[in-house]
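Trainee:
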Amino acid sequence: MPELPEVETVLSSLLPKIKGKKIKTVRVRHKDVVGWPETAIKFSQGLCGKKISGGFRRGKLLLFTLDEEGKLIFHLRMTGRLYYSDKIYQPRKHAHLVLDFSGGGTLIFEDTRRFGRVYLVKTGEEKYAGNLEKLGPEPLDPEFDLKAFSQALKQKKGRIKGLLLNQSFIAGLGNIYVDEILFRSQIHPETSAQNLEDRAICRIYTSMKEILNEAIAGRGTTFRDYRDGEGRAGDFQDLLKVYGREGEKCPYCSDYIERKKVAGRSSFFCPCCQKDDVNDSGSVRKR
DNA sequence: AACATCTCCTGAAAGC
DNA sequence: TGCTTTCAGGAGATGT
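Be aware that the first sequence starts at 126, since it is given in the working numbering, and climbs by one per residue.
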């Protein structure tokens, strides 16, 4: 499920392939994936002839600039794939949007569960695309320092797991990386944010940056569906310490990884290393 | 404000 | 073996 590192990987693998290319034909094969389905015809017309001039990531959104005119914005949600092919492309079952470029090459948006969305917006109207306007700070932004993180956290009352998943609190984290961050920080997912000591907040902040950077270096996590912009799987699944590892031995102690529903999501944690509401008893180890 | 629950959707896995 | 049920989850909507 694409989170920040996966979206970043899609962007970096895709952009060199499509930058500067002009869209020749647009095939909307399932109009529900278009942000405003009733405008699917306008969507196609608006995209024809446009050139992809650049792209960037914000939270879990992929934004491609169409010169100065507008942006093409994707949210991959659970099972979305966005990739480039330079072969003659025969649309597969869940290929909902297919863009053919002048001079060859195809950009394909596939999404088995159809939770993903694609938006076409004019410059200045980007905020209408998905949750873009409501997104919190970028966790890897150098200007988002520990002080800013700590201050934001201390204003909140909820549990840490739900807070880190909340895109308006911080943008780009999903279930996998929140569990990994909390494991490295040695914080139980149900710990209330208010009860966190400064040292615990610092561990979360540091782990967050480390794990996101490591996952980007590993080109993302593939459990089943995720592929990068060239259709390749990621490598980071092998390096996950807790996510999806219920019943396996904790890599740092003799206990076993447990699974519990927190904030409506499966949460994996070590009950020994991540004790609820005991953030800093002096037993924290360097990881 | 915080949190639970439902919704969307498909296919894999588990249950019988 | 084969059919049926459950489950996974990002995020928005809704209810408490």
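Every residue, glycine too, gets a C-beta built ideally from N, C-alpha and C. Quick caveat: nothing in here was measured; it's all calculated off a predicted structure.
Could you say which of Ser227, Asn291 and Leu207 lies nearest to Glu133 if we only look at CA atoms?
Mentor: Walking along the first sequence from the start, residue 133 turns up at place 8. Cα-wise, what sits closest to Glu133 is Leu207.
Trainee: Write down the C-beta distance between Lys247 and Glu315 rounded to the nearest angstrom, noting that I regard them as a contact closer than 8 Å.
Mentor: As a first step, residue 247 is located in the first sequence; it is residue number 122 there, counting from the start. As a first step, residue 315 is located in the first sequence; it is residue number 190 there, counting from the start. The Cβ separation is near 44 Å, so there is no contact.
Trainee: Could you give the uninterrupted runs of the beta strand (DSSP E) lying entirely in the stretch 230 to 314, keeping only those of 3 residues or more?
Mentor: DSSP runs (the beta strand (DSSP E)) wholly in the stretch 230 to 314: 231 to 236 and 242 to 247.
Trainee: Roughly how many angstroms lie between the CA atoms of Leu271 and Ala325, to the nearest whole one?
Mentor: As a first step, residue 271 is located in the first sequence; it is residue number 146 there, counting from the start. As a first step, residue 325 is located in the first sequence; it is residue number 200 there, counting from the start. Straight-line Cα distance between these residues: approximately 12 Å.
Trainee: Rounded to whole angstroms, how far is the Cβ of Asp157 from the Cβ of Arg239, which I believe are closer than 8 Å?
Mentor: Translated into positions along the first sequence, residue 157 becomes position 32. Translated into positions along the first sequence, residue 239 becomes position 114. About 6 Å separates the two Cβ atoms, so the contact holds.
Trainee: When we look at the beta-carbon of Arg370 and count the other beta-carbons within 10 Å, is it buried (16 or more) or exposed?
Mentor: Against the first sequence, residue 370 aligns to sequence position 245. The residue is buried, with at least 16 neighbouring Cβ atoms inside 10 Å.
Trainee: By alpha-carbon positions, which one of Arg152, Leu307, Tyr368 and Ser275 ends up nearest to Cys173?
Mentor: Here residue 173 is taken as the residue at index 48 of the first sequence, counted from 1. Cys173 has its Cα closest to that of Arg152, out of Arg152, Leu307, Tyr368 and Ser275.
Trainee: Name the DSSP beta bridge partners of Val135, please?
Mentor: Within the first sequence, residue 135 is the residue found at index 10, counting from 1. Answer by DSSP bridge pairing: none, since Val135 is not bridged.
Trainee: Is it the case that the CB of Gly261 approaches a heavy atom of the ligand GTP more closely than 8 Å?
Mentor: With respect to the ligand GTP, the structure shown offers nothing to examine, as it has no ligands at all.
Trainee: Comparing C-alpha positions only, which one of Lys147, Leu187, Lys400 and Gly179 sits nearest to Arg202?
Mentor: Residue mapping note: residue 202 aligns to position 77 of the first sequence, counting from 1. When only C-alpha atoms are compared, the closest one is Leu187.
Trainee: Go to Ala220, then tell me how far its beta strand (DSSP E) extends in each direction, as first and last residue.
Mentor: On the first sequence, position 95 is the one that residue 220 refers to. Taken as a continuous stretch (DSSP letters only), the beta strand (DSSP E) holding Ala220 covers Ala220 to Phe226.
Trainee: Using only alpha-carbon positions, find the residue among Gly145, Leu140, Ile233 and Gln362 that is nearest to Glu305.
Mentor: Counted from its first residue, the first sequence places residue 305 at position 180. Comparing C-alpha distances from Glu305 to each of Gly145, Leu140, Ile233 and Gln362 shows the shortest one belongs to Gln362.
Trainee: Spatial neighbours of Val403 within its chain, please: CB distance less than 6 Å, with the 5 preceding and 5 following residues excluded, ordered by chain position.
Mentor: The residue labelled residue 403 in the question sits at position 278 within the first sequence. Interpretation of Val403 is limited by its pLDDT of 47, a score under 50 that renders its predicted location unreliable; the figure taken from the coordinates is listed afterwards. Once the five neighbours on either side are set aside, Val403 has no close Cβ partner at all.
Trainee: Please classify Leu364 as buried or exposed, where buried requires at least 16 neighbouring CB atoms within 10 angstroms.
Mentor: Here residue 364 refers to the residue found at position 239 when the first sequence is read from its first residue. Label assigned to Leu364: exposed.
Trainee: In or out: Phe394 buried (at least 16 other Cβ within 10 Å) or exposed?
Mentor: For the purposes of this step, residue 394 is identified with residue 269 of the first sequence, where counting begins at 1. Under this definition Phe394 is a buried residue.
Trainee: Note the first and the last residue of the continuous alpha helix (DSSP H) segment covering Phe394.
Mentor: Reading the first sequence from its first residue, position 269 is the one you call residue 394. Careful: Phe394 lies outside any alpha helix (DSSP H), inside the beta strand (DSSP E) at Arg390 to Phe394.
Trainee: Quick one: measure Cβ to Cβ for Lys259 and Ser293, integer angstroms, because I've assumed they're closer than 8 Å.
Mentor: Here the question's residue 259 lines up with position 134 in the first sequence. Here the question's residue 293 lines up with position 168 in the first sequence. At roughly 5 Å, the Cβ-Cβ gap stays under 8 Å, so Lys259 and Ser293 are in contact.
Trainee: Among His155, Gln215, Arg352 and Ala277, which one has its Cα closest to the Cα of Phe168?
Mentor: To locate residue 168, count along the first sequence from 1; it is residue 43. Selected option, being the one with the closest Cα: His155.
Trainee: What does Phe189 pair with, by DSSP beta-bridge criteria?
Mentor: Here the question's residue 189 lines up with position 64 in the first sequence. For Phe189, which the question treats as bridged, DSSP gives the partners Gly180 and Leu197.
Trainee: For the alpha helix (DSSP H) containing Arg328, list its first residue and its last residue.
Mentor: Here the question's residue 328 lines up with position 203 in the first sequence. Where Arg328 is concerned, the enclosing alpha helix (DSSP H) stretches over Asp323 to Ala342.
Trainee: I need the straight-line Cα distance from Thr150 to Phe234, nearest angstrom please.
Mentor: Mapped onto the first sequence, residue 150 falls at position 25. Mapped onto the first sequence, residue 234 falls at position 109. So the two alpha carbons sit approximately 14 Å from each other.
Trainee: Could you tell me whether the stretch 140 to 150 touches the stretch 223 to 231, where touching means 3 or more Cβ pairs closer than 8 Å?
Mentor: yes
Trainee: Going by CA-CA distance only, name the one from Gln215, Val367 and Glu373 that's closest to Val303.
Mentor: Position 178 of the first sequence, counting from 1, holds the residue named residue 303. That would be Val367, whose Cα lies nearest to the Cα of Val303.
Trainee: Which same chain residues end up closer than 7 Å to Thr190 when comparing Cβ atoms and leaving out the 5 residues on each side of it in sequence?
Mentor: Stepping through the first sequence from its first residue, residue 190 is reached at position 65. The residues are Ser178, Gly179, Gly180 and Lys196.
Trainee: Could you tell me which residues DSSP pairs with Arg384 in its beta bridges?
Mentor: The residue given as residue 384 occupies position 259 in the first sequence. Bridge partners of Arg384: Phe393.
Trainee: Within 10 angstroms of the Cβ of Asp266, are there 16 or more other Cβ atoms? Answer buried if so, exposed if not.
Mentor: Numbered from 1 along the first sequence, position 141 holds the residue referred to as residue 266. Exposed: under 16 other Cβ atoms inside 10 Å.
Trainee: With which residues is Leu207 paired in a DSSP beta bridge?
Mentor: Position 82 of the first sequence holds residue 207. Residue pairing by DSSP places Leu207 opposite Phe234 in a beta bridge.
Trainee: I'd like the list of long-range same chain contacts for Ile336, defined as Cβ closer than 8 Å, with 5 residues on each side in sequence excluded.
Mentor: Indexing the first sequence from 1 puts residue 336 at position 211. Excluding residues up to 5 positions away in sequence, Tyr302, Glu305, Ile306 and Arg309 lie with their Cβ nearer than 8 Å to the Cβ of Ile336 in the same chain.
Trainee: Is Lys147 helix, strand or coil when you go by DSSP?
Mentor: Looking up residue 147 in the first sequence gives position 22. Here Lys147 sits in strand by DSSP.
Trainee: Per DSSP, Val159 is paired with what?
Mentor: Taking the first residue of the first sequence as 1, we reach residue 159 at position 34. Answer is Val243.
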